[in-house]
Ligand SMILES: [Zn+2]
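In the working numbering, the protein residues as written are 146 to 698.
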């Protein structure tokens, strides 16, 4: 009886995927479908799928974002009608690019499977219209190395479904979703240079699965959070697009989606607070806001079965693509205006206005009402103490405080630009890898602005991603400085102004100082014994300090 019910449930849920065709050719049936949703695709399975579908449609081109640390090509799939194979051809076509990324954490495999299902329907099924107004660029298996280290129990909260998954880290042992600022992994370099900088996606989606809280949403989402970027891209994603999709999936499919977060039962029950994750741009999605582009984090619910998580991810990506297809022009315009606003802010306010460089999580203005969660009941242990047990019921609670906003705790003056000494070429190189325009000074210049005196320099005793993360305290002082031919000049009046600011500000909570790029310089100058001038100079105006006006004759 139970078995029949499960089969019916599978058919009724799964029919959502397969309305377009009763059967796909054998070589387009993906591993979960072949294994009754017990197995996830290996790297070879994904490559076989891509190679098979490539022969069946004129609207797909395949390239690579680069090689993983273990030497695997990371496939980049470009869906377009008519087909394009280069960013230049995409620009000539005049359609915006939307980027979908699966499997950054290779224990969270649903996105990888869902995008292959969508590829079938976009290229060969009833979703061809999704290519009317956009080009869809997909990396289905971003963490190729982690994916194939399959074993049981790597995702303990996933109900052993699928029975084996890959591991979180890449082939170097790095978490690829903490690497977006320091760019130590070849995957990150491939993403930033060969996807983000090259194809300039107007919307990016990163597909994950949560690993904890028993909320009762099939999928939770987050925009690229608002902290040091322009508000327009965040406002549109968070206040317009995501609420629309959330309502639509409930109306159309009876599915519950909601904002991303966790609660702690240690705070008591019923819950009072629900917390999102950090704002830091080391997380891929959070960095896109600093690039004046929209982005969405997708987190399937760990405690559903594998087929359900694939279905919720598939549904979400499908609805995102439907929305971006219908609002392509509007999205391009908002992103363009955000970029102009970022540049204008530098031009108008350099040396005058301040912006946040460190942030803390704070509650949103509105509480969450009708918050869905599995319920808990108190029980009394034999020793008289109270404990909480999940009772299996799904309930809703009102008045939950949502920690989903960020407020600055330290600000710094916006400069017109930065000067990086020639000796610090690693800093300039990292900026260029991020897509920043960096120039070399052709002659000495006298500039006015600010220096930062590092009075206290700390490193965390605990290693994180191979780093003892650093922080600096100190103060800015007005200064006029002669900078030298051969030094690097970074004019902030460029599209990546907000990203440059976050990378180079000495007190930034996720900048290059945080990731130890300045340790050697500060140590050599004995920062633990005396204040040391931070080597990057902030200038407020270009070209040069005005000399006292020449005497009029
Ligand atoms: Zn993840």
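Positions of the beta carbon are idealized from the N, C-alpha and C atoms, including for glycine.
What's the gap between the Cα of residue i and the Cα of residue j?
i, j, result
"residue 634", "residue 678", "18 Å"
"residue 516", "residue 250", "27 Å"
"residue 640", "residue 484", "6 Å"
"residue 632", "residue 603", "27 Å"
"residue 488", "residue 287", "32 Å"
"residue 166", "residue 173", "Any reading at residue 166 needs caution, since the residue's pLDDT is 49, under 50, leaving its predicted position unreliable; the model's value is listed next. So the alpha carbons of these two residues sit roughly 12 Å apart."
"residue 285", "residue 353", "12 Å"
"residue 451", "residue 459", "12 Å"
"residue 494", "residue 559", "7 Å"
"residue 581", "residue 436", "10 Å"
"residue 237", "residue 327", "33 Å"
"residue 408", "residue 507", "15 Å"
"residue 490", "residue 382", "22 Å"
"residue 673", "residue 663", "14 Å"
"residue 569", "residue 438", "29 Å"
"residue 682", "residue 589", "14 Å"
"residue 658", "residue 471", "42 Å"
"residue 332", "residue 321", "8 Å"
"residue 391", "residue 469", "15 Å"
"residue 220", "residue 359", "34 Å"
"residue 149", "residue 228", "In this predicted model, residue 149 has a pLDDT of only 39, less than 50, meaning its place in the structure is not dependable; the value taken from the coordinates is given anyway. When rounded, the distance between both Cα atoms is 44 Å."
"residue 615", "residue 270", "52 Å"
"residue 245", "residue 464", "13 Å"
"residue 388", "residue 403", "8 Å"
"residue 306", "residue 628", "60 Å"
"residue 283", "residue 222", "5 Å"
"residue 90", "residue 176", "Residue 90 cannot be examined here, being either before or after the span of the chain that is shown, 146 to 698."
"residue 625", "residue 440", "40 Å"
In chain order, what residues of the same chain have a beta carbon less than 6 Å from the beta carbon of residue i, not counting five sequence neighbours either side?
i, result
"residue 461", "364 and 443"
"residue 653", "502 and 647"
"residue 281", "224 and 243"
"residue 481", "none"
"residue 651", "597, 617, 658 and 679"
"residue 522", "534 and 536"
"residue 447", "302, 303, 354, 355 and 356"
"residue 636", "562"
"residue 272", "266"
"residue 518", "360 and 361"
Taking 7 Å as the limit between beta carbons, can you name the residues of its chain near residue i, skipping five residues before and five after?
i, result
"residue 524", "532 and 534"
"residue 685", "495, 496, 560, 561, 593 and 594"
"residue 670", "677"
"residue 330", "315, 317, 319, 321 and 324"
"residue 513", "419, 545 and 547"
"residue 526", "532"
"residue 203", "228"
In terms of alpha-carbon separation, which member of the options lies closest to residue i?
i, options, result
"residue 587", "548, 571 and 630", "630"
"residue 476", "683, 377 and 265", "377"
"residue 432", "656, 295, 684 and 195", "656"
"residue 611", "310, 335 and 324", "324"
"residue 680", "537, 564 and 671", "564"
"residue 355", "385, 301 and 333", "301"
"residue 550", "428, 511 and 245", "511"
"residue 232", "246, 628, 342 and 202", "342"
"residue 253", "209, 298 and 413", "298"
"residue 290", "211, 263 and 509", "211"
"residue 605", "337, 660, 198 and 400", "660"
"residue 445", "410, 401 and 411", "401"
"residue 455", "247, 205 and 667", "247"
"residue 292", "205, 190, 338 and 194", "190"
"residue 310", "624, 509, 440 and 182", "182"
"residue 643", "540, 486 and 412", "486"
"residue 262", "168, 379, 619 and 638", "168"
Any heavy atom of ligand 3 inside 6 Å of the beta-carbon of residue i?
i, result
"residue 313", "In the structure shown, ligand 3 is absent; the only ligands present are ligand 1."
Subject >> Cβ contact check for the region 547-567 and the region 490-505: 3 or more pairs under 8 Å >> reply: For the pair of segments examined, the region 547-567 was found to touch the region 490-505: the number of CB pairs separated by less than 8 Å reaches three.
Original post:
Is it true that the region 181-192 meets the region 263-280, where meeting means three or more beta-carbon pairs spaced less than 8 Å apart?
Top reply: Output reads no: the region 263-280 does not touch the region 181-192.
**OP:** Kindly provide the chain-ordered list of residues whose Cβ lies closer than 5 Å to any non-hydrogen atom of ligand 1.
**Re:** For ligand 1, the selected residues are 250, 253 and 353.
Original post:
Just checking, does the region 370-387 make contact with the region 255-264 on the three C-beta pairs under 8 Å criterion?
Top reply: Counting C-beta pairs closer than 8 Å gives fewer than three between the region 370-387 and the region 255-264, which falls short of the contact rule.
**OP:** Check whether the region 411-423 touches the region 537-549, counting contact only when three or more Cβ pairs, one atom from each stretch, lie closer than 8 Å.
**Re:** By the Cβ rule, the region 411-423 counts as touching the region 537-549, because three or more pairs are nearer than 8 Å.
Original post:
Do the region 203-219 and the region 298-316 meet, that is, are 3 or more Cβ pairs less than 8 Å apart?
Top reply: These segments touch.
Original post:
Contact between the region 594-601 and the region 575-584: three or more CB pairs below 8 Å?
Top reply: Taking one beta carbon from each stretch, the region 594-601 and the region 575-584 have fewer than 3 pairs nearer than 8 Å; the two do not touch.
Original post:
Can at least three beta-carbon pairs, one atom from the region 463-476 and one from the region 341-350, be found at a separation below 8 Å?
Top reply: Enough Cβ pairs lie closer than 8 Å, so yes.
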